[in-house]
Amino acid sequence: YDDVFAALGAPPLTAVAPPKRAVGAAAVDLLLRRLRHGDALPVHRIELLPELKVRSSCGGD
């Protein structure tokens, strides 16, 4: 999840990039639900698929 900094190196490193907008939306949703319902909410799992950014460190662009 170091995609932003991985692109700056020499050579640029291959990295996993999280879906930043989806992570932010999930965080806001969780916060709003917590504000409405307090700690009474059951624990649940959120899965967001990251993107593999292939760069020069492994022969990519």
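Numbering-wise (the numbering used here), the sequence shown opens with residue 84 and increments by one.
Ideal Cβ placement from N, Cα and C applies to all residues, glycine included.
In this text, all values refer to a predicted model and were calculated from it rather than measured experimentally.
- Contact check for Ala110 and Leu131: beta-carbon distance about 11 Å, past the 8 Å limit, so the pair fails to qualify.
- Inter-segment contact for the stretch 119-130 and the stretch 85-99 is absent: fewer than three beta-carbon pairs are separated by less than 8 Å.
- According to the DSSP assignment, Ala109 belongs to the alpha helix (DSSP H) that extends over 103-120.
- Here Arg116 has Leu124 as same chain residues with Cβ atoms under 8 Å from its own Cβ, once five neighbours each way along the sequence are excluded.
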